[in-house]
Amino acid sequence: MACLSPGNQIPSWASADSSPPPISLTPDQVGYCAEALECFRQKLRKPDQIYQEFSYLEATRLRSDDVVRSCSISLNRVNQSKNRYSDVIPFNNNRVVLDPCKGYINASFITAGTPSSENVSCFIATQGPLPNTLEDFWEMVIQNRCPAIVMITRLVDQRQKVKCGDYFQSEDGTREFGNITLSTKWAQTANSFLVLRNLEVKYKESEEPPLSVLHIQYPEWPDHGVPRDTSAVREIFKRLHVIPASVGPIVVHCSAGIGRTGTYCAIHNTLQRILVGDMSALNLVNTISAFRSQRIGMVQTPEQYSFCYQAIAHELEDLISKAKS
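Offset between the sequence shown (1-based) and the working numbering: plus 41.
This is the structure in structure tokens:
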């Protein structure tokens, strides 16, 4: 599964273009978007109903004894030091497995709706890497041929609490993580909120060309909260929507890998499913339930759940407006 175009050129989605490519809609897609927008507008007129939906999701959370059975590998004593938070752990059945020897990393494969579609992304939801898991993180990216990483956190928050290990900054040259080397080809600020980087990663002794990875950092999204507006989140979607699902899963992480991570994945997944005519995507409760069956606690707060509705509606409005102009 190749992430590089012939001749080791940088893929189009990892170019240093200052603006994301426009999304052109077919007449059918305009219809799908219009139907979905009306549905989401109706929900946004009834905020109490949105909060009731989130309360239902919370009431159906997995019980602690079920967690112990379903997450036994992550609770194994040899793996506990690789978990940033003891209560945010992957399920056995869809955890990301590192070769060789079925190695452990706190990361989960995430899908919902029509994962077989070329136009609906798969994700790896994961925690912010720890000092002792930096090499594991890049091993995961290489083994799964991940074309992009969405980082929705700061390295250190405003209270000087470490939220994520520095696994990506290499502007001054090449960094090494065990048997893996990392270099930055370019870095730029896309708007006042997003920092874009094109990273190249490879095994030290390998003759294979390096894997080109688009890294998008959104440091202003607050922990357990939501952004002031939806523009930056929607720009991330526009930049990643062009990546074919067959290329590889998109890595999304915050600090724990469930709240902000789950919120972004829900927005991205719902929009893509609407664009392929999968109108089951209008049921956000089912989407989040599917996510939570794959990683505990995806979308943590009622504010984050409501933000999903807002961001999806705003992007649908934008898509329809541009299609008609």
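Ideal Cβ placement from N, Cα and C applies to all residues, glycine included. All values reported here derive from a predicted model rather than from experimental measurement.
Length of the line joining the Cα atoms of residue i and residue j
i      : j      : result
Asn49  : Ser65  : Interpretation of Asn49 is limited by its pLDDT of 47, a score under 50 that renders its predicted location unreliable; the figure taken from the coordinates is listed afterwards. Straight-line Cα distance between these residues: approximately 28 Å.
Thr342 : Gly289 : 29 Å
Cys306 : Gly154 : 12 Å
Ser296 : Ile361 : 34 Å
His294 : Val242 : 18 Å
Lys84  : Leu325 : 11 Å
Pro63  : Val292 : 23 Å
His355 : Thr271 : 7 Å
Met42  : Glu180 : Bear in mind that the predicted position of Met42 carries a pLDDT of just 34, short of 50, making it unreliable; the figure below should be weighed with that in mind. Computed Cα separation, rounded: 16 Å.
Thr101 : Thr302 : 20 Å
Ser253 : Leu357 : 30 Å
Val197 : Gln313 : 32 Å
Ile277 : Asn220 : 31 Å
Asp106 : Asp69  : 47 Å
Ile177 : Gly298 : In the sequence under discussion, the amino acid at residue 177 is Asp, which differs from the Ile named in the question. Distance between the alpha carbons of Asp177 and Gly298: 16 Å.
Asn232 : Arg104 : 42 Å
Thr167 : Ile337 : 11 Å
Arg238 : Phe209 : 9 Å
Ile165 : Pro88  : 30 Å
Pro260 : Leu235 : 7 Å
Arg118 : Asp140 : 20 Å
Cys142 : His256 : 28 Å
Arg333 : Cys163 : 15 Å
Tyr145 : Asp264 : 26 Å
Pro47  : Lys245 : Residue confidence for Pro47 is low, a pLDDT of 38 falling below 50, so the modelled location carries little weight and cannot support an answer.
Asn82  : Thr174 : It should be pointed out that residue 82 corresponds to Arg in this sequence rather than to Asn. Going from the Cα of Arg82 to the Cα of Thr174 covers about 42 Å.
Ala75  : His282 : 19 Å
Residue i classed as buried or exposed, judged by whether at least 16 other C-beta atoms fall within 10 angstroms
i      : result
Glu217 : exposed
Thr311 : buried
Asp319 : buried
Trp262 : buried
Ala273 : buried
Asn147 : buried
Cys44  : Because the pLDDT of Cys44 is 40, which lies under 50, any placement of that residue in the model is unreliable, and the question is left without a value.
Val182 : buried
Glu99  : exposed
Ser115 : buried
Pro131 : buried
Gln229 : exposed
Arg269 : exposed
Three-way DSSP call (helix, strand, coil) for residue i in this model
i      : result
Ala231 : coil
Glu261 : coil
Gly144 : strand
His282 : coil
Ala297 : coil
Leu45  : Note that Leu45 has pLDDT 40, beneath the 50 cutoff, so the model's placement of it is unreliable and the number below is only indicative. In the structure shown, Leu45 sits in coil (DSSP, three-state: anything other than H, G, I, E or B).
Val203 : strand
Ile64  : coil
Leu196 : coil
Glu76  : helix
Phe348 : helix
Arg136 : strand
Arg314 : helix
Glu94  : helix
Thr174 : helix
Glu248 : coil
Leu103 : coil
Phe209 : coil
Cys112 : coil
Gly266 : coil
Ser366 : coil
Tyr305 : helix
Those residues which DSSP pairs with residue i across a bridge
i      : result
Ile151 : Phe164
Thr225 : Leu240
Pro131 : Arg336
Ser253 : Glu241
Ala189 : Leu255
Ile277 : Answer by DSSP bridge pairing: none, since Ile277 is not bridged.
Val292 : Ile165, Ile190
Arg216 : Leu223
Minimum Cβ-Cβ distance from residue i to chain D less than 9 Å
i     : result
Gln93 : Looking at the structure shown, chain D is missing, and only one protein chain is on hand.
Same chain, Cβ closer than 6 Å to residue i, five either side skipped, listed in chain order
i      : result
Gln335 : Asn135, Ser149, Ile151
Ala364 : Leu66, Val71
Ser224 : Ser211, Thr215, Glu241
Pro188 : Cys44, Ile284, Val288, Gly289
Residue i Cβ short of 8 Å to the ligand FMN heavy atom set
i      : result
Gln351 : Annotation note on the ligand FMN: not contained in the displayed structure, which lists no ligands.
Sequence-distant residues of the same chain with beta carbon closer than 7 Å to residue i, five excluded per side
i      : result
Ala352 : Thr271, Val274, Arg275, Ile308
Gln80  : Per the sequence shown, the amino acid found at residue 80 is Cys instead of Gln. Contacts found: Leu323.
Gln345 : Val267, Gly300, Thr304
Glu159 : Pro285, Ala286, Ser287
Cys205 : Gly169, Pro170, Thr194, Leu196, Ser296
Asp207 : Leu196
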